[in-house]
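Written out below as structure tokens is the structure these notes cover.
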Amino acid sequence: MEELAVLPLFFRLKGRPVLVAGASEAAAWKAELLAAAGADVTVCLGGEKACDELLALEKAGRVRLQAVNWQVAEWRDLSLALADCDDDAEAEAFAARARAEGVPFNVIDKPAFCSFQFGSIVNRSPVVVGISTDGAAPILGQAIRRRIETLLPKALAEWAGLAASLREAIGAQLKPGGARRTFWEHFVDLSFSGRPEEDAAERLMTRVTQIATAPQTGSVTLVGAGPGDPELLTLKAMRALQSADVILFDDLISPEILELARREAKRMLVGKRGGRTSCRQEDINRMMLDLARTGKRVVRLKSGDPSVFGRSGEEIAALRQAGIPVSVIPGVTAASALAAGTTTSLTHRDCAQSVRFVTGHSKKGALPDDLDWRAIADPTTTTMFYMGGRTAGEISARLIAEGLSPETPVLIASNISRADEKRWHGTLAGLSEGMKEIGHDNPVLFGVGRVFSRKMAGKEAIDETQAVFHKPVHGVQALPALSC
452 MEELAVLPLF
462 FRLKGRPVLV
472 AGASEAAAWK
482 AELLAAAGAD
492 VTVCLGGEKA
502 CDELLALEKA
512 GRVRLQAVNW
522 QVAEWRDLSL
532 ALADCDDDAE
542 AEAFAARARA
552 EGVPFNVIDK
562 PAFCSFQFGS
572 IVNRSPVVVG
582 ISTDGAAPIL
592 GQAIRRRIET
602 LLPKALAEWA
612 GLAASLREAI
622 GAQLKPGGAR
632 RTFWEHFVDL
642 SFSGRPEEDA
652 AERLMTRVTQ
662 IATAPQTGSV
672 TLVGAGPGDP
682 ELLTLKAMRA
692 LQSADVILFD
702 DLISPEILEL
712 ARREAKRMLV
722 GKRGGRTSCR
732 QEDINRMMLD
742 LARTGKRVVR
752 LKSGDPSVFG
762 RSGEEIAALR
772 QAGIPVSVIP
782 GVTAASALAA
792 GTTTSLTHRD
802 CAQSVRFVTG
812 HSKKGALPDD
822 LDWRAIADPT
832 TTTMFYMGGR
842 TAGEISARLI
852 AEGLSPETPV
862 LIASNISRAD
872 EKRWHGTLAG
882 LSEGMKEIGH
892 DNPVLFGVGR
902 VFSRKMAGKE
912 AIDETQAVFH
922 KPVHGVQALP
932 ALSC
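All you need for our numbering is the position in the sequence shown, starting with 1, plus 451.
Encoded structure:
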């Protein structure tokens, strides 16, 4: 887990004494917030006139106002102490007193004199979301809060209250583990579907009974993680990661994506890389079967899209043959991510009538010997070659031999959508040299077709990554201004 600037904690303040020092609107806002959390709030005015907001809170019975200074107030058994101080000297004195009393403290808008800070809050109580930027950018925290506000329906509070009322009954029927988690995930689906109906509690308990009496079997979900950028994950993929017991992940999965998974989920690397020691597909299939048979919810996390050169067909067949429930969540395939990153239309109507996804190597690592090269060499087709880094020279030669122009634009990329993405833009004749520039340390994708000309893709889009190479190759300018 990456380092945390602060640790988010949630205080249960119901009935607990809290001191607020100050007569200002800022002090009133904090006092109102603490009162909303159920705290017994005493406000020390220090001889100042209370603002209208504080007077309104006192009238409503939410806080208790005292004219005394905080120095002479009762500090014993306080849960929290807050102050709105005019200067650093008073703030330092307040902080010193709080430390001496062993009370967590906060001086409003003076982070140097705080043992804790308030974040932006999204309130769907009992669901409460706190957001902190550690004081670095409060406006950013507020912007994040607004985003979250739009994601969480108001009815979430009602669903959370319903969950609290049923938790004991649910726990009595469902033991901790997969069955209980299955119910709560069903509950989550309902909580985002609208307000609970009058008979919601009865329906939920019926569902509990159904789950409790059903045979407990595991499942496998093949999840597409996309090319690497975690923001390209689908919401459904996120939910699968959050509900997994075990995650079998590819070597290409970025740490940022694994960080989004359920904390308790066991993570197991089952990567396969060309030319390196790797897990055999048969071993991966067996692991999925064994884990699912013990009732585990298994996520098979694959780079890109599972259905595009992800060997999902073999895994699905093995699972179905064993009677294991299996589902697939699609991901953004590398070709789509590259097209988006370079603002290229793979099917630009003036350049391409079709798109082909072609594998660059067979099971043995060589170029497949049964490819229809004449069809692939169609100048009105955009062809995306996956895993073709080590066979790029042969691919170039075969396409040219079948009549495709040596000056056909080519775009090579590795680590697509990641911070260290590399691109090379050139022509079919220079494909081998381009691969030398990009290197073989990471899997590459390259596209062949007129849509990759600078005129169509846009010079700025193709050149925006620093690791773009512009060297002339075999006497052919690497960035030709070709039209379709």
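Note that CB positions come from ideal geometry on N, CA and C, so glycine has one too.
All values reported here derive from a predicted model rather than from experimental measurement.
So residue i and residue j are supposed to be a Cβ contact under 8 Å. How far apart are they, rounded?
i, j, result
"E845", "R825", "Not really, about 16 Å apart at Cβ, beyond 8 Å."
"G755", "A791", "Between A791 and G755 the Cβ distance is about 13 Å, and since that is not below 8 Å, they are no contact."
"L591", "V554", "Between V554 and L591 the Cβ distance is about 29 Å, and since that is not below 8 Å, they are no contact."
"A615", "V578", "Contact doesn't hold; Cβ gap of about 11 Å is too wide."
"V492", "V519", "At roughly 15 Å, the Cβ-Cβ gap does not stay under 8 Å, so V492 and V519 are not in contact."
"A743", "I775", "5 Å"
"F494", "L506", "The sequence shown places Val at residue 494, rather than the Phe named in the question. Incorrect: roughly 10 Å between the Cβ atoms, too far for contact."
My output table needs one value for residue i: the three-state DSSP class, helix, strand or coil.
i, result
"L862", "strand"
"A534", "strand"
"F760", "coil"
"H812", "coil"
"G466", "coil"
"R631", "helix"
"G844", "helix"
"A659", "Reading off the sequence shown, one finds Val at residue 659, where the question assumed Ala. Looking at V659 - three-state DSSP - the assignment turns out to be helix."
"K873", "strand"
"N557", "strand"
"N574", "strand"
"A606", "coil"
"Q517", "strand"
"M838", "coil"
"K717", "strand"
"K942", "Not covered by the structure: residue 942. The range shown for the chain is 452 to 935."
"V927", "Below a pLDDT of 50, predicted positions are generally treated as unreliable, and V927, at 32, falls in that range; the measurement from the model is reported next regardless. Strand, per DSSP."
"I767", "helix"
"T601", "helix"
"S616", "helix"
"R548", "helix"
"T798", "coil"
"R646", "coil"
"G592", "helix"
"L508", "helix"
"V948", "As displayed, the chain neither begins before 452 nor continues past 935, which places residue 948 out of reach and without an answer."
"S805", "strand"
"L699", "strand"
"T831", "coil"
"L529", "coil"
Is it buried or exposed for residue i, if we count other Cβ within 10 angstroms and need 16 for buried?
i, result
"S996", "Beyond the ends of the chain as shown, which are 452 and 935, falls residue 996; an answer cannot be given."
"K922", "Confidence at K922 is low in this model, with a pLDDT of 34, below 50, so its placement is unreliable and the value that follows should be read with caution. The residue in question, K922, is exposed, as its Cβ has fewer than 16 Cβ neighbours within 10 Å."
"D680", "buried"
"A932", "Unreliable positioning characterises A932 in this predicted model, as indicated by a pLDDT of 36, which lies under 50. The coordinate reading is nonetheless provided below. Classification for A932: exposed."
"V840", "Sequence check: residue 840 is Gly here, not Val. Buried, because 16 or more other Cβ atoms sit within 10 Å of the Cβ of G840."
"F643", "exposed"
"N736", "buried"
"T657", "exposed"
"A623", "exposed"
"D443", "The first residue shown for the chain is 452 and the last is 935, placing residue 443 beyond what the model contains."
"E766", "buried"
"G782", "buried"
"E653", "exposed"
"P459", "exposed"
"F461", "exposed"
"P860", "buried"
"L455", "exposed"
"A843", "buried"
Out of the options, which one is the CA nearest neighbour of residue i?
i, options, result
"A676", "E636, Q667, V514 and E710", "E710"
"D640", "A623, P604, A479 and L673", "P604"
"P830", "S856, E541, S787 and A880", "S856"
"A479", "I572, A768, S758 and L496", "L496"
"W526", "P468, L818, E872 and D538", "P468"
"P666", "G746, G645, P819 and K561", "G746"
"A482", "A544, L508, T601 and K465", "L508"
"Q522", "A542, V514 and E504", "A542"
"P894", "G900, M886 and R901", "M886"
"T668", "C565, S571, V777 and E499", "V777"
"S787", "M689, T798 and V779", "T798"
"D696", "K687, M719, E682 and T685", "M719"
"Q804", "I780, I851, T859 and V902", "V902"
"D560", "V779, D537 and C730", "D537"
"R575", "I599, Q593, E499 and M739", "I599"
Just to check, is the beta-carbon of residue i closer than 7 Å to a non-hydrogen atom of the ligand GDP?
i, result
"T493", "For the ligand GDP, the structure offers nothing, since it holds no ligand at all."
Does the contact criterion of 3 or more C-beta pairs under 8 Å hold for the stretch 579-599 versus the stretch 612-631?
Contact annotation: the stretch 579-599 does not touch the stretch 612-631, with fewer than three C-beta pairs closer than 8 Å.
Assess, as a yes-or-no matter, whether the stretch 739-758 is touched by the stretch 687-703 under the definition of 3 or more beta carbon pairs within less than 8 Å.
Between the stretch 687-703 and the stretch 739-758, the count of C-beta pairs closer than 8 Å reaches three or more; the two stretches touch.
The stretch 863-871 contacting the stretch 884-895, beta-carbon criterion three pairs below 8 Å
With contact defined as three or more Cβ pairs closer than 8 Å, the stretch 863-871 and the stretch 884-895 are in contact.
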